[in-house]
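For the sequence shown, my numbering begins at 8 and goes up steadily by one. Here is the structure we will look at.
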Amino acid sequence: MNDAKEEIKSRLAVEDVVGQYIELKRAGRNLKGRSPWGVDKTPSFMVSPEKGIWHDFSANKGGDIFTFVMEVEGITFKEALEKLANQAGVDISKYRGGDANLARKKTRSREALALAAKYYQACLARDKQVCEYVFYKRNLNRRTVTEFKIGYSPANGKALTAVLEKRGFTKQELDTAGLLNRFGGDLFRDRMMVPFIDTNGDIIGFTARILKKGEPKYLNTPETILFNKSKFIFGLFQAKESIRRSGYVVIVEGNMDVISSHQAGVKEAVATSGTAMTEQHLKILSKLTSDIRLAYDGDEAGIKAAERAIMMAGDLGIDLTVISDYHGAKDPDELIQKDPKLWQAAVEKRIPAVEWLLKKYEENLNLSSAPDKRKYSDIALKLLGYVKDEVERASYEEKVAKKLDIEVGILREKGERLNKKLAEAPKKYLKKPKTEIRSDKLKKLENSLLALVVYGGLTKTKIPLNIPDDETKLAELELVFNRDHENVKNPNYEKEAAELLARYNKELNTQRIKELNEKLGSLDEDSEEYIKILKEIYELQK
8 MNDAKEEIKS
18 RLAVEDVVGQ
28 YIELKRAGRN
38 LKGRSPWGVD
48 KTPSFMVSPE
58 KGIWHDFSAN
68 KGGDIFTFVM
78 EVEGITFKEA
88 LEKLANQAGV
98 DISKYRGGDA
108 NLARKKTRSR
118 EALALAAKYY
128 QACLARDKQV
138 CEYVFYKRNL
148 NRRTVTEFKI
158 GYSPANGKAL
168 TAVLEKRGFT
178 KQELDTAGLL
188 NRFGGDLFRD
198 RMMVPFIDTN
208 GDIIGFTARI
218 LKKGEPKYLN
228 TPETILFNKS
238 KFIFGLFQAK
248 ESIRRSGYVV
258 IVEGNMDVIS
268 SHQAGVKEAV
278 ATSGTAMTEQ
288 HLKILSKLTS
298 DIRLAYDGDE
308 AGIKAAERAI
318 MMAGDLGIDL
328 TVISDYHGAK
338 DPDELIQKDP
348 KLWQAAVEKR
358 IPAVEWLLKK
368 YEENLNLSSA
378 PDKRKYSDIA
388 LKLLGYVKDE
398 VERASYEEKV
408 AKKLDIEVGI
418 LREKGERLNK
428 KLAEAPKKYL
438 KKPKTEIRSD
448 KLKKLENSLL
458 ALVVYGGLTK
468 TKIPLNIPDD
478 ETKLAELELV
488 FNRDHENVKN
498 PNYEKEAAEL
508 LARYNKELNT
518 QRIKELNEKL
528 GSLDEDSEEY
538 IKILKEIYEL
548 QK
């Protein structure tokens with residue numbers, strides 16, 4: 008069921024699952040709340056959205072969404088899997104029959120798609136007319152065509168199917184890979200083919216542009232066991248190193264915008280590939296950079312998309328800006344065809360997303376009209392609610408008040424009334440945990456010691472504990488390490504480890520003495536075992 012677990016985890020954010028039981032608040036890159044088991048006096052429950060894990064410092068428990076639901080509900084892993092699968096909309100029945108069977112299907116799909124891409128590339132090289140379209144009309148050079156593995160699907164409706172069947176693939180395997188239409192023929196015909204490449208460099212599907220007149224203009228691979236459009240980001244495989252080096256990412260609307268941008272030297276461009284941006288897309292990108300630049304049109308769809316992005320980015324610590332100076336071009340691709348340097352300059356000349364959005368609403372409203380002033384103030388206050396920095400929010404409040412020709416205090420009073428109204432509204436129903444957990448002092452010391460070993464670089468102090476190799480546990484230990492040392496200046500990890508080890512050994516002795524005392528109660532005072540236990544207690548108490 009590992010594949011089912013990963014699919015569920017990709018769809019459910021840890022903070023959303025935990026947030027059903029406890030109220031979480033932002034604490035830097037993490038979230039903090041009170042223990043659902045009521046064993047802490049101050050918030051000691053931490054959630055790391057970036058790593059998808061949680062840790063309760065008061066109860067000394069932690070893990071992923073599955074361990075959380077198991078602990079809080081007091082249920083088995085199987086029950087937690089089914090519960091979370093329902094929330095995520097994942098049909099786990101297709102994963103039954105063993106991971107090996109699904110793994111084989113995925114492997115065969117990857118092989119079929121890789122061969123399909125090579126076949127399409129070969130077809131492009133052989134067709135002069137298509138080459139003219141790709142290299143001259145689309146103005147793509149050979150390096151770009153090679154980098155993005157661009158090809159061509161023949162108009163013959165069974166050309167690819169025939170080739171792959173000769174290579175040993177069945178119709179069922181080709182259908183699973185998303186290469187067939189409902190009649191069993193090739194899904195893609197007479198189109199320029201651009202592969203969907205995941206972050207591992209594997210082809211998981213295609214986007215295909217029609218070469219002549221017809222609909223749809225673009226045809227994408229349907230959802231398959233490899234391709235999930237809600238989390239796939241086109242061009243990320245080619246862009247990720249540039250994003251890490253430059254520290255920013257540009258989100259454009261179309262796949263061709265991405266390709267043209269890379270050719271023009273702005274290799275940080277990606278797209279959400281035929282679907283609206285989701286929180287999963289933002290979370291994936293926020294792991295690479297907090298500087299996200301939107302290259303959206305100024306039409307109604309672009310305005311709504313920017314508004315959704317601001318709402319989603321509010322709690323992710325993202326610096327969201329908008330690129331809008333297209334010098335009369337309709338999109339980045341058209342601007343690049345005009346002059347690549349204009350696109351490079353536009354990427355640098357961006358404005359804060361909130362500021363851009365406020366300007367767009369100003370253009371569509373008559374701010375000399377009282378009803379439109381009310382609408383504008385409602386929209387502005389809603390947007391400013393997602394601005395977390397007090398100074399930045401105050402600056403926007405002053406600008407909005409000036410536009411409305413009112414005192415900033417009046418705007419803030421309206422904002423306070425709205426916030427009060429929201430606060431008085433019934434809070435989100437929080438479920439009560441079904442299990443109780445007591446604080447385990449020994450476990451807490453053990454976690455702190457292991458965190459020091461893994462992340463403190465100990466070389467002298469020998470710790471009698473096995474270092475875990477489970478990725479979730481290691482990520483949890485990183486939370487412990489950061490929590491233990493967030494306010495420590497000039498730490499001496501060796502000294503701290505020695506002190507922790509002494510406390511750990513003392514606690515081990517204390518617990519052993521407690522166990523032995525309980526055992527004594529069931530023994531005859533004259534028995535040999537009773538005397539033996541008394542001696543052990545005496546030695547431990549020295």
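We treat Cβ as the ideally placed atom computed from N, Cα and C, and that holds for glycine. Just so we're clear, the structure is a prediction, and the values are computed from it rather than from any experiment.
Assuming contact is defined by CB atoms lying nearer than 7 Å, are D340 and M284 in contact in what I supplied?
Within the sequence shown, the letter at position 333 stands for residue 340. Within the sequence shown, the letter at position 277 stands for residue 284. Not a contact, by the Cβ cut-off of 7 Å.
Any chance the stretch 19 to 39 sits against the stretch 68 to 82, with 3 or more Cβ pairs inside 8 Å?
yes
Could you check the C-alpha separation between R149 and T177 for me, to the nearest Å?
In the sequence shown, the residue the question calls residue 149 occupies position 142. In the sequence shown, the residue the question calls residue 177 occupies position 170. Going from the Cα of R149 to the Cα of T177 covers about 33 Å.
Cβ neighbours of D63 in the same chain (closer than 6 Å, five flanking residues each side left out)
Position 56 of the sequence shown, counted from the first residue, corresponds to residue 63. Excluding positions up to five away in sequence, the list reads S42, F52.
Just verifying my parser: in three-state terms, what is the DSSP assignment at N499?
Here residue 499 is taken as the residue at index 492 of the sequence shown, counted from 1. Note: N499 maps to coil in three-state DSSP.
Please tell me whether Q1 and T151 are closer than 7 Å, where the distance is taken between their beta carbons.
This structure does not reach residue 1, given that the chain is present from 8 up to 549, and the question cannot be answered.
Is it a yes or a no for the stretch 345 to 355 touching the stretch 366 to 384, going by three-plus beta-carbon pairs under 8 Å?
no
Of all the options D396, Y383, H334, L365, which has the alpha carbon lying nearest to the alpha carbon of D326?
Residue numbering aside, residue 326 sits at position 319 when the sequence shown is read from its first letter. For D326, the nearest C-alpha among the options comes from D396.
Could you pull the start and end residues of the beta strand (DSSP E) that K542 belongs to?
In the sequence shown, residue 542 corresponds to position 535, counting from 1. No beta strand (DSSP E) holds K542; the alpha helix (DSSP H) holding it covers 535 to 547.
Do N67 and D447 count as a contact pair if the criterion is CB distance below 7 Å?
In the sequence shown, residue 447 corresponds to position 440, counting from 1. In the sequence shown, residue 67 corresponds to position 60, counting from 1. Yes. Within cutoff.
CB G185 to CB T114, shorter than 7 Å?
For the purposes of this step, residue 185 is taken as the residue at position 178 of the sequence shown. For the purposes of this step, residue 114 is taken as the residue at position 107 of the sequence shown. Not a contact, by the Cβ cut-off of 7 Å.
Could you tell me the distance, in whole angstroms, from the CA atom of Q2 to the CA atom of S267?
The question about residue 2 has no answer, for the chain in this structure spans 8 to 549.
Quick one: is E14 buried, meaning 16 or more other Cβ sit within 10 Å of its Cβ, or exposed?
By one-based count along the sequence shown, residue 14 stands at place 7. Buried is the call here.
Can you look up V487 in the DSSP assignment and give me helix, strand or coil?
The residue given as residue 487 occupies position 480 in the sequence shown. Three-state DSSP puts V487 in a helix.
Please look up how many angstroms separate the CB atoms of F203 and G212, rounded, as I've assumed it's under 8 Å.
If you number the sequence shown from 1, residue 203 lands on position 196. If you number the sequence shown from 1, residue 212 lands on position 205. The Cβ separation is near 4 Å, so the contact holds.
Close Cβ partners of R400 (< 7 Å) along its chain, the five nearest in sequence each way excluded:
For the purposes of this step, residue 400 is identified with residue 393 of the sequence shown, where counting begins at 1. So the list reads L391, V394, once near-sequence residues are dropped.
Closest residue to N227 among A387, N188, G463 (Cα-Cα distance)
For the purposes of this step, residue 227 is taken as residue 220 along the sequence shown, with counting starting at 1. Comparing Cα-Cα distances from N227 to each of A387, N188, G463, the minimum goes to N188.
By the three-class DSSP mapping on this structure, what secondary structure does K356 have?
By one-based count along the sequence shown, residue 356 stands at place 349. Coil at K356, not helix or strand.
Do you know offhand how far P433's Cα is from K238's?
Numbered from 1 along the sequence shown, position 426 holds the residue referred to as residue 433. Numbered from 1 along the sequence shown, position 231 holds the residue referred to as residue 238. Note that P433 scores a pLDDT of 48, beneath 50, so its modelled location is shaky and nothing firm can be said.
CA-CA distance, I520 and L530?
The residue labelled residue 520 in the question sits at position 513 within the sequence shown. The residue labelled residue 530 in the question sits at position 523 within the sequence shown. Cα to Cα, the separation comes out at about 15 Å.
If you follow the beta strand (DSSP E) that P202 is part of, which residue opens it and which one closes it?
Position 195 of the sequence shown, counting from 1, holds the residue named residue 202. Looking at the DSSP string, the run of the beta strand (DSSP E) that includes P202 is 198 to 204.
Here's the rule: buried if 16 or more other CB atoms are within 10 angstroms of the residue's CB, otherwise exposed. What is N241?
Within the sequence shown, residue 241 is the residue found at index 234, counting from 1. This sequence places Phe at residue 241; Asn is not what is there. Buried, because 16 or more other Cβ atoms sit within 10 Å of the Cβ of F241.
Other residues of its chain near L19: CB distance less than 8 Å, five sequence neighbours each side excluded
Taking the first residue of the sequence shown as position 1, residue 19 is located at position 12. Correct list, in chain order: I72, L91, Q94, A95.
So, is H334 buried or exposed, given that buried needs 16 or more other C-beta atoms within 10 angstroms?
Within the sequence shown, numbered from 1, the residue matching residue 334 stands at position 327. The residue in question, H334, is exposed, as its Cβ has fewer than 16 Cβ neighbours within 10 Å.
As a quick exercise: from N207, M200, D205, pick the residue whose alpha carbon is nearest that of R218.
Within the sequence shown, numbered from 1, the residue matching residue 218 stands at position 211. First, the residue type needs correcting, since residue 218 is Leu and not Arg in the sequence shown. Checking every option, the nearest Cα to that of L218 belongs to M200.
With burial defined as no fewer than 16 other Cβ atoms inside 10 Å of the residue's Cβ, what is the status of D298: buried or exposed?
Numbered from its first residue, the sequence shown carries residue 298 at position 291. Per the 10 Å Cβ criterion, buried.
With a threshold of 16 other CB atoms inside 10 Å of the CB of R111, please say whether the residue is buried or exposed.
Walking along the sequence shown from the start, residue 111 turns up at place 104. Exposed, because fewer than 16 other Cβ atoms sit within 10 Å of the Cβ of R111.
Nearest-angstrom Cα distance between D23 and L295?
Numbered from 1 along the sequence shown, position 16 holds the residue referred to as residue 23. Numbered from 1 along the sequence shown, position 288 holds the residue referred to as residue 295. Computed Cα separation, rounded: 21 Å.
Excluding the 5 residues flanking R419 on each side, which residues of the same chain have their C-beta closer than 7 Å to its C-beta?
Sequence index remark: in the sequence shown, residue 419 carries index 412 (1-based). For R419, where only same-chain residues beyond five positions count, the Cβ hits under 7 Å are E404.
7 Å Cβ cutoff met for G70 and V21:
Taking the sequence shown and counting its residues from 1, one reaches residue 70 at position 63. Taking the sequence shown and counting its residues from 1, one reaches residue 21 at position 14. Contact flag unset, no.
Kindly provide the ranges of any alpha helix (DSSP H) runs that are 4 or more residues long and lie completely inside the stretch 317 to 378, ordered along the chain.
339 to 345, 347 to 355, 360 to 371
Just verifying my parser: in three-state terms, what is the DSSP assignment at A271?
Numbered from 1 along the sequence shown, position 264 holds the residue referred to as residue 271. Looking at A271 - three-state DSSP - the assignment turns out to be coil, as it is neither helix nor strand.
Straight-line Cα distance separating N37 from E493:
Within the sequence shown, the letter at position 486 stands for residue 493. Within the sequence shown, the letter at position 30 stands for residue 37. Roughly 13 Å separates the two Cα atoms.
Verify whether the separation of the beta carbon atoms of E275 and V259 is less than 7 Å.
In the sequence shown, the residue the question calls residue 275 occupies position 268. In the sequence shown, the residue the question calls residue 259 occupies position 252. For E275 and V259, no; Cβs fall outside 7 Å.
Given that a residue counts as buried once 16 or more other Cβ atoms are within 10 Å of its Cβ, and exposed if not, what is R252?
In the sequence shown, the residue the question calls residue 252 occupies position 245. Exposed: under 16 other Cβ atoms inside 10 Å.
Neighbourhood of E535 by C-beta distance below 7 Å, restricted to the same chain and skipping five residues each side
As a first step, residue 535 must be located in the sequence shown, where it is residue number 528. Closer than 7 Å at Cβ, skipping near neighbours: no residue.
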